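Student:
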Amino acid sequence: LLFLSETGGKDRRSGLILTIPLCLEQTSMDELSVTLDYLLSIPSEKCKARGFTVIVDGRKSQWNVVKTVVLMLQNVVPAEVSLVCVVKPDEFWDKKVTHFCFWKEKDRLGFEVILVSANKLTRYIEPCQLTEDFGGTLTYDHMDWLNKRLVFEKFTKESTSLLDELALINNGSDKGNQQERERSIDLNFLPSVDPETVLQTGHELLSELQQRRFNGSDGGVSWSPMDDELLAQPQVMKLLDSLREQYTRYQEVCRQRSKRTQLEEIQQKVMQVVNWLEGPGSEQLRTQWGIGDSIRASQALQQKHEEIESQHSEWFAVYVELNQQIAALLNAGDEEDLVELKALQQQLSDVCYRQASQLEFRQNLLQAALEFHSVAQDLSQQLDGLLGMLCVDVAPADGASIQQTLKLLEEKLKSVDLGLQGLREKGQSLLDQISNQASWAYGKDVTIENKENVDHIQGVMEDMQLRKQRCEDMVDVRRLKMLQMVQLFKCEEDAAQAVEWLSELLDALLKTHIRLGDDAQETKVLLEKHRKFVDVAQSTYDYGRQLLQATVVLCQSLRCTSRSSGDTLPRLNRVWKQFTVTSEERVHRLETAVTFHSTAEKILQECPDQPEAFNEMDQFDEIEAVGKSLLDRLTVPVVYPDGSEQYFGSPSDMASAAEHIREKMKLVSLKKQQLRQPEATTPES
């Protein structure tokens, strides 16, 4: 094939010229025959009808080889060959020719054979149709032609095979039966060669043919092609058109297949999400129905729920991605896919939203349970603190501390009331949520599980109510006891105050009640005031005794001994006795002073000329005795039952009172002397 070619030249009948160059080496007739068959298959039937002129270049070969080639043409192309020009070497075959004359064999061979020298070949063929090897001017590059032919053959083979494959794929996609279509597409889905590459090769080949030149370097040899029938430009164009048509259909098939594959993948992923959420995901939620019986248990359930949510979040992420893919397909999809896509999207959304709602419901339920147990624990601690406070015996120092303790007790009880109210609210809210739990049970009977949760919640609230009631009862008892203790302290304080008041009255009696009056009238007024003063003291004493009696009763009720009533009563009695003795002494002095002032005033007011006055001298003796007795009492202290002594007022006060009495006794004594003088004068007379 490297040396056998169609140069593109034509003989005078417009027939194609076929050149067979022979060499000194052994020529394979089989290869030559195959090559001839190939070259003769290139021209069209119209071109073949005009016949061939075959140039056998035997200048470098032997005669027997030339003869064999000529005879072979008889068997290979007898009808297409019209003339065979054997280019002989100069003066080499002259003797050989005489042994075999081709022109005599024309009838048997079927074509004319001419032995001709290269320089005389132009007698039969125009020089412009001969290459330079035969003295012509036709430009021909056999390697270019060979390479170009190889490209053409490769393109033809690949394009034809590709057309068959694409037609099979495209025709399979047009079948009515969906299963057969998918089966056909699966078996012939990928062509053996890249359609883009084949199309690019064909376009390049067509471009070169249309430009009437081979692709080569800028300094390459230009070459004028033969007719279109020889170079098959229409064949290339037809193949390209067919390829473009089939490739366009193939691309559409691929797009449909890709869309179908994508739809199937989405459907498969959707079913994976749905199956997991309705299967293992729902089973996880079905097994998690408890709410825990403490804060720690609820927190453990919350942690377990967070793990379940974490597993669900992975599938929810797939759901988001699938939803976006479905939305994109809905925006760009065909009408025939819209119903299926919307159904998938709706199914996926329903399952995911339902599962998400269940997760949120479970989370809210566990959060409510945690809050309930937290409130219950706080309330339990408050009740424990209140109970501990009630169990400790009350030993306050005074009434103020009791009041403070009682206030603290009331505050704790109020805090417990608020805590129990909060527990009831949390418990009722939790019970309401539990009552809605059946809505996501998926047919599972949660009555037993809910009953356990409800019984636990109600049990906690009832237990707290009972504990609170017991504490309230104990608070009532403690309140009564503490109020009694407050009253006890108050009685003790008031009794001690009564002792203080009585002591103050005694002190006032001794220090300020010292005047005896300047006359009888004033002394009587002082006596009357003293009696009222004694009444006040008596009331104070009686009040103290009553308080002490109440203290005794309260101590018996509280089963305790008073800390102060034991010495308060003796103190009260001792002060009262001292007051009584002092008061009696005061009364005795005032009564003596009244007698003294009354008698003295009577004597001092009598006229000296009254005769009866001289008969009552014994009254002067009596008043002198009363005055002296009174003066003596002023100097004597008050002696108490315990042997102690106490004086009225200060010595100067007593001296002043005694001086006033002495002055009045002097007046009485002077009056007595005046009365005695007339008596002495009368006897002398």
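Residue numbers (my numbering): 44 to 728.
For every residue, glycine included, the Cβ atom is placed at its ideal position computed from N, Cα and C.
Keep in mind the model is a prediction, meaning the values are calculated, not measured.
Nearest CA to the CA of F622: which residue from E543, S695 and E175?
Tutor: Ranking the options by Cα distance to F622, first place goes to E543.
Student: Buried or exposed: where does L526 fall if 16 or more other Cβ atoms within 10 Å of its Cβ makes it buried?
Tutor: Per the 10 Å Cβ criterion, exposed.
Student: Leaving out five residues on either side along the sequence, give the residues of the same chain with a beta carbon under 7 Å from the beta carbon of K91.
Tutor: Result list for K91: E123, in chain order.
Student: Rounded to whole angstroms, what is the Cα-Cα separation between I228 and C171?
Tutor: Caution is warranted here: a pLDDT of 47 is assigned to I228, below 50, making its placement in the model unreliable, and no coordinate value can be reported.
Student: Do the stretch 464 to 480 and the stretch 493 to 509 touch if we need at least three Cβ pairs shorter than 8 Å?
Tutor: Segments in contact, yes.
Student: Per the contact definition of three or more C-beta pairs closer than 8 Å, is the stretch 156 to 172 in contact with the stretch 75 to 94?
Tutor: Contact fails: fewer than three Cβ-Cβ distances are below 8 Å.
Student: Pick from V595, L408, E505 and H703: whose alpha carbon is nearest that of F639?
Tutor: Out of V595, L408, E505 and H703, H703 has the C-alpha closest to the C-alpha of F639.
Student: If we ignore side chains and look at the alpha-carbon of each, how far apart do I557 and G692 end up?
Tutor: Cα-Cα distance, rounded: 6 Å.
Student: So V679 and L570 are supposed to be a Cβ contact under 8 Å. How far apart are they, rounded?
Tutor: Contact doesn't hold; Cβ gap of about 20 Å is too wide.
Student: If you measure between the beta carbons of I477 and L413, is that distance less than 9 Å?
Tutor: Against a cut-off of 9 Å, the Cβ pair of L413 and I477 comes out as no contact.
Student: Where do the N-terminal and C-terminal ends of the alpha helix (DSSP H) with E288 fall, by residue?
Tutor: Note, E288: alpha helix (DSSP H), Q276 to W319.
Student: What's the gap between the Cα of I445 and the Cα of A539?
Tutor: Each residue's alpha carbon lies about 19 Å from the other.
Student: Do you know offhand how far E196's Cα is from I98's?
Tutor: Using only the alpha carbons, I get a separation of about 25 Å.
Student: Throw me the rounded Cβ distance for the H348 and R397 pair, which I believe falls under 8 Å.
Tutor: That belief does not hold up - the Cβ atoms of H348 and R397 are roughly 17 Å apart, past 8 Å.
Student: Once DSSP output is grouped into helix, strand and coil, what is the label at V236?
Tutor: In this structure, V236 counts as coil in the three-state DSSP scheme.
Student: Look at the alpha carbon of L59 and the alpha carbon of F154, and state the distance between them as a whole number of angstroms.
Tutor: Each residue's Cα considered, the two are about 15 Å apart.
Student: Measuring only the C-alpha atoms, how far is S582 from E536?
Tutor: Taking the straight line from one Cα to the other gives about 17 Å.
Student: In chain order, what residues of the same chain lie with their CB nearer than 8 Å to the CB of T203, ignoring the 5 residues before and after it?
Tutor: So the qualifying residues of the chain are L282.
Student: For L344, count the other beta carbons within 10 Å of its own beta carbon; 16 or more makes it buried, fewer makes it exposed. Which is it?
Tutor: L344 is buried by the Cβ-count criterion.
Student: In whole angstroms, what is the alpha-carbon distance linking E239 and G215?
Tutor: Going from the Cα of E239 to the Cα of G215 covers about 21 Å.
Student: Using a Cβ-Cβ cutoff of less than 7 Å, which residues in the same chain neighbour E628 once the five nearest sequence positions on both sides are dropped?
Tutor: For E628, where only same-chain residues beyond five positions count, the Cβ hits under 7 Å are V681.
Student: Give me the residue from L677, D664, Q662 and Y183 with the minimum Cα distance to W633.
Tutor: What sits at residue 633 in the sequence shown is Leu, not Trp. For L633, the nearest C-alpha among the options comes from L677.
Student: Which of helix, strand or coil does DSSP assign to F95?
Tutor: Three-state result, F95: strand.
Student: Skipping 5 residues on each side, what residues in its chain have a beta carbon closer than 6 Å to that of K312?
Tutor: Excluding sequence neighbours, K312 sits near L365.
Student: Assuming the contact rule is C-beta atoms closer than 8 Å, C514 and L612 should be a hit. Round their C-beta distance to whole Å, please.
Tutor: That belief does not hold up - the Cβ atoms of C514 and L612 are roughly 39 Å apart, past 8 Å.
Student: By the three-class DSSP mapping on this structure, what secondary structure does L65 have?
Tutor: L65: coil per DSSP, three-state reduction.
Student: Where does E123 sit, in a helix, a strand or coil, going by DSSP?
Tutor: Coil, per DSSP.
Student: So for L158, helix, strand or coil by DSSP?
Tutor: L158 falls in the strand class under three-state DSSP.
Student: Given that a residue counts as buried once 16 or more other Cβ atoms are within 10 Å of its Cβ, and exposed if not, what is D73?
Tutor: Exposed, by the Cβ-count rule.
Student: Measure the alpha-carbon distance for L718 versus V579 and round it to whole angstroms.
Tutor: Those two C-alpha atoms are separated by around 47 Å.
Student: If you draw a straight line from the C-alpha of G729 to the C-alpha of R55, how long is it?
Tutor: A query on residue 729 cannot be resolved here, the shown segment of the chain reaching from 44 to 728 and no further.
Student: Keeping to the same chain, check which residues put their C-beta closer than 6 Å to that of M517; ignore five residues upstream and five downstream.
Tutor: Answer for M517: L433, listed in chain order.
Student: Among residues of its own chain, excluding the 5 on either side of S22, which ones have a beta-carbon nearer than 6 Å to its beta-carbon?
Tutor: In the structure displayed, the chain extends from 44 to 728; residue 22 sits before or after that span and is not available.
Student: Please state whether DSSP places L59 in a helix, a strand or coil.
Tutor: Strand.
Student: With C-beta atoms as the reference, is L372 less than 9 Å away from Q310?
Tutor: Contact flag unset, no.
Student: Mind pulling the beta strand (DSSP E) runs of 3 or more residues that sit fully within the stretch 369 to 435?
Tutor: You should have found no qualifying run.
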